[in-house]
Amino acid sequence: MTDSTTTTAPAPAPAPDIRKGLTGVVVDTTAISKVNPDTNSLLYRGYPVQELAAAKRFEEVAYLLWHGELPDAAQLAAFRAGERAGRALQPNVRTAIDLLPTTAHPMDVVRTAVSVFGASDPTADDSSPEANLAKAKALFAALPAMVAYDQRRRRGQVVVPPRDDLGYSANFLYMTFGEVPDQLVVDAFDVSMILYAEHSFNASTFTARVITSTLSDLYSAVVGAIGALKGPLHGGANEAVMHLFEEIGSAENVTPWLDGALAERRKIMGFGHRVYKSGDSRVPTMKSALDTLIAHYDRPDVAALYDALATEFVARTGIHPNLDYPSGPAYHLMGFDTPTFTPLFVASRVTGWTAHIIEQAAANALIRPLSVYDGVEERHVPVVVGRPVAPERTLGGVIDAEQ
Ligand SMILES: CC(=O)SCCNC(=O)CCNC(=O)[C@H](O)C(C)(C)COP(=O)(O)OP(=O)(O)OC[C@H]1O[C@@H](n2cnc3c(N)ncnc32)[C@H](O)[C@@H]1OP(=O)(O)O
Ligand SMILES: O=C([O-])CC(=O)C(=O)O
């Protein structure tokens, strides 16, 4: 029988549930896109991305991500006019790019260019939904010139001003290469822009939402997102895929190369995904665009290497290609320099990032998770005997012996 005055020891605190990498953690809702690994599908505002890629241009998809609905003819015309009006490379942005060495990574260049663009906007700190939408559209219009000019200057070529008679993708390619390629190349590029535009709470979008959650401005959030996208575990993988292709050389080398890579437990870029475990919903559409380019440029060697590596890697590991796997060789065939690939992803994903920034700001909560401290136990700085101590330095009885 227990005495009513007996106290029982408190139950030990449950072990904290640490999810490294936030794996499996649901942090918020979003109405912008739905990534469903069970059905291997991706919806933008309810529309399957494959249907958008087949029937719509990137401008229409950008409008959809921001406004929630596809534009009607008048809305699209007005949106396109605004985009065309904002295409030219701003002189101060160009000056900033010119200050950077041509050895700088293009992702560092585009990050800097966006920062200068934002710092030059007198309304930068107006985070109202209307102001943020206007900034999002201005960045969407301005980014192609930044990316195109950077590739050109590294090639020793002069800037190519935009052409008002061209759509977004044709003009992007024109500003990069000084000519408009065949329509099928423009279409393949446009498809890549649509597929890259949005993917729920991926690392760069989450970065943008974290920055927005502190009530910082849209440009700061986009600059942070660019930094997150640069890494090879995320957007930087499209560049890394091309380096792999160069390293492997040809389809015949795949088996011995893979023997070595798997023995060394190397991460093979362009494969694997945090959410999709049985294949990325976007790969078939991008692979079909790549096949068109392979036929157009008559490069069966690229098809052979692509297929050999994908087939053997999936067979040996069960890990499937992600969107960066077909995008890398597609951008290569279009003529982009390999380090420019991830800035192309930036030009597309700025639509998704900014839609999320606006969504986060509309229902904000500061994003600040917890951690479990596993450093050294509390300890104290030794007191130096015989030294006068200024009152403001005696907090906790600690004296800095260097003073
Ligand atoms: C547009 C995009 O951002 S898509 C992603 C682009 N990134 C890449 O292509 C980089 C290569 N891929 C990867 O590093 C990973 O697949 C990620 C980071 C994308 C997702 O990884 P996570 O969900 O964190 O899974 P994780 O990295 O723990 O992988 C699980 C297991 O599969 C292995 N694995 C996953 N992807 C790969 C890969 N590409 N190559 C080799 N092994 C891989 C891991 O080594 C790990 O094995 P282990 O359990 O024996 O340690
Ligand atoms: O969703 C992710 O983690 C990465 C990705 O595919 C994307 O951002 O497009």
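Residue numbers are given in this note's numbering: position 269 of the sequence shown equals residue 686, and the series is strictly consecutive.
Cβ coordinates follow ideal geometry from the N, Cα and C atoms, glycine included.
Nothing here was measured: the structure is a model prediction, and the numbers come from that model.
Secondary structure of LEU481 (DSSP, three-state): helix.
Listed by position along the chain, the residues with Cβ atoms less than 5 Å from a non-hydrogen atom of ligand 2 are HIS616, ASN619, ARG691. Here the distance from the Cβ of ILE685 to the nearest heavy atom of ligand 1 is below 7 Å. Of the heavy atoms belonging to ligand 1, none sits nearer than 7 Å to the Cβ of ASN453.
At least one heavy atom of ligand 1 falls within 7 Å of the beta-carbon of ALA654. If you draw a straight line from the Cα of VAL608 to the Cα of ARG501, it is about 20 Å long. With a 10 Å radius around the Cβ and a threshold of 16 neighbouring Cβ atoms, ALA491 comes out exposed. Within the segment 494 to 582, the complete alpha helix (DSSP H) segments at least 4 residues long are 508 to 516, 523 to 536, 546 to 571, listed from N- to C-terminus. In this structure the segment 696 to 704 touches the segment 456 to 471; the number of beta carbon pairs closer than 8 Å is three or more. Closer than 7 Å to some heavy atom of ligand 1: that describes the Cβ of ILE736. Within the segment 683 to 731, the complete alpha helix (DSSP H) segments at least 4 residues long are 700 to 714, listed from N- to C-terminus.
Annotation: ALA513 to THR529 spans about 8 Å, alpha carbon to alpha carbon.
The bridge partners DSSP lists for LEU460 are LYS451, PRO465. Relative to ligand 1, the beta carbon of ASN739 is positioned inside 7 Å of a heavy atom. Annotated three-state conformation of PRO756 is helix, per DSSP. Inclusion of LEU482 and ALA614 in the CB contact set at 8 Å is warranted, their separation being smaller than that value.
In summary, LEU679 is exposed, with fewer than 16 beta-carbon neighbours lying within 10 Å of its beta-carbon over all protein chains present. Taking a cut-off of 8 Å on C-beta distances, the segment 745 to 761 touches the segment 707 to 722, as three or more cross pairs fall below it. Ranking GLY677, ASP604, TYR480 by CA distance to the CA of ALA495 puts TYR480 first. Excluding five sequence positions before and after GLU477, the CB atoms of its chain that fall closer than 7 Å to its own CB belong to LEU487, PRO488, LEU493, given in chain order. Between LEU506 and ALA562, the C-beta gap is smaller than 8 Å, which places the two residues in contact. For PRO746 against PHE662, the beta-carbon gap comes to about 6 Å, under 8 Å, which counts as contact.
Its Cα nearest to that of VAL444, the residue PHE623 stands out among ASN457, ALA553, ALA548, PHE623.
For SER744, the enclosing alpha helix (DSSP H) begins and ends at 741 to 751. Going by DSSP, GLY677 is part of the alpha helix (DSSP H) stretching over 671 to 680. Scanning the segment 599 to 670 for uninterrupted alpha helix (DSSP H) segments of 4 residues or longer gives 600 to 613, 620 to 630, 635 to 647, 654 to 665, listed from N- to C-terminal end. By the C-beta density criterion, SER586 is buried, having at least 16 other C-beta atoms within 10 angstroms.
With a cut-off of 7 Å, the C-beta of LEU650 is classified as near ligand 1, since at least one heavy atom of the ligand falls inside that distance. Rounded to whole angstroms, the separation of the alpha carbons of LEU787 and PRO429 is 19 Å. Taking 8 Å as the cut-off, the beta carbon of ALA559 is found no closer than this to the beta carbon of PHE589.
Within the model, the alpha-carbon separation for ASP708 versus HIS660 is close to 20 Å. For PRO738, the beta-bridge partners assigned by DSSP are PHE688. Just measuring C-alpha positions, the residue of THR440, LEU583, ALA706 sitting nearest MET610 is ALA706. In terms of side-chain proximity, the C-beta atom of GLY438 is found nearer than 7 Å to a non-hydrogen atom of ligand 1.
THR440 sits in coil when the DSSP states are folded into three classes, being neither helix nor strand. Secondary structure note for ASN588: its alpha helix (DSSP H) is the uninterrupted segment 585 to 594.
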